[in-house]
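A.B. asks: Please read through the structure below; I'll follow up with questions.
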Amino acid sequence: MSDLALPSIRGRVAFVFEEVDFDVDQIIGVKNIKLRDPAELASVAMQSHDPSFAQQVKQGDVLVGAANFGYGHPHYPPMIAMRHLGIAAVIAESFSPGYWRGEIAMGFPQIACPGVLQAVRRWDELEVDWMRHRLINHTQHTELPFEVYADADREMLAAGGIMGYLKHLRAKDSA
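Going by this note's numbering, the first residue of the sequence shown is number 60, and it counts up by one from there.
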C-alpha cells in the first residue's frame, strides 16, 4: 500500500454525457483541438452542449459519462479545459482504455462506476469514498460501488500523474 493519498473528491455533477462511446474531442470541438492555452480551451469548452457551462461549473465538480467514455483518438486539450474550469474527476460507466490511461497518467481521476448513469442527475452532489470504494450521492442519499484501481494506478494518481509517480518511486529506491 502506498504512503500517498488519493485526492479528496466532493462536488456537483456539472454535466452528464449519456452518449455511449463519447468522444471527448466534442467537448471543445474538433476545430479547436490544436489550441494549447488552458484559458482559451476553457472558453470554447461545452459550447455545443451547454453554452453557460463555464459560468455554472465550480471548483471540485465532476463529469459523469456513459460506457466507453473517451472513445476515439484521445487528445489532451478537452480535459485540460475541464481541469482549468475546476472539474475534479470523470465518473463513467466505463472508459476507453487509451483515454483512461492517458488521463490517469496526467493525474486526473477517472472512476469506473457501473450504474452511475441511472444513479445521478445533473447538479447532484457526489463524494468519492476511496476507502470503501463507494460513490456517495448526497442529494439522493444513495451509494454505488466503483471499480478499484490497480496499486500502480492508485499510486500514479495519488502522486499527481506519471512524473510525480516516477519521482516517488525514485525516492523510495534511494531510501
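Glycine is no exception: its CB is placed at the ideal position from the N, C-alpha and C atoms.
One question on the structure: do ALA104 and MET165 come within less than 8 Å of each other, judged by their Cβ atoms?
C.D. replies: No, they are not a contact pair.
A.B. asks: Could you tell me how far apart the beta carbons of GLY129 and VAL83 are, in whole angstroms, since I believe they sit closer than 8 Å?
C.D. replies: That pair is a contact at about 5 Å.
A.B. asks: Taking PHE74 as part of the beta strand (DSSP E), name the residues at either end of that continuous run.
C.D. replies: 68-76 is the extent of the beta strand (DSSP E) around PHE74.
A.B. asks: State yes or no: is the C-beta of PRO66 within less than 8 Å of the C-beta of PRO168?
C.D. replies: Taking 8 Å as the Cβ cut-off, PRO66 and PRO168 qualify as a contacting pair.
A.B. asks: Which runs of the beta strand (DSSP E) at least 3 residues long sit entirely within the stretch 180-208? Give them in chain order.
C.D. replies: DSSP runs (the beta strand (DSSP E)) wholly in the stretch 180-208: 184-188, 193-196 and 201-204.
A.B. asks: Could you tell me the alpha carbon to alpha carbon distance between GLU99 and ALA234, rounded to whole angstroms?
C.D. replies: Their backbone Cα atoms lie some 43 Å apart in a straight line.
A.B. asks: Are VAL79 and ALA151 touching if we call contact CB-CB under 8 Å?
C.D. replies: Contact flag unset, no.
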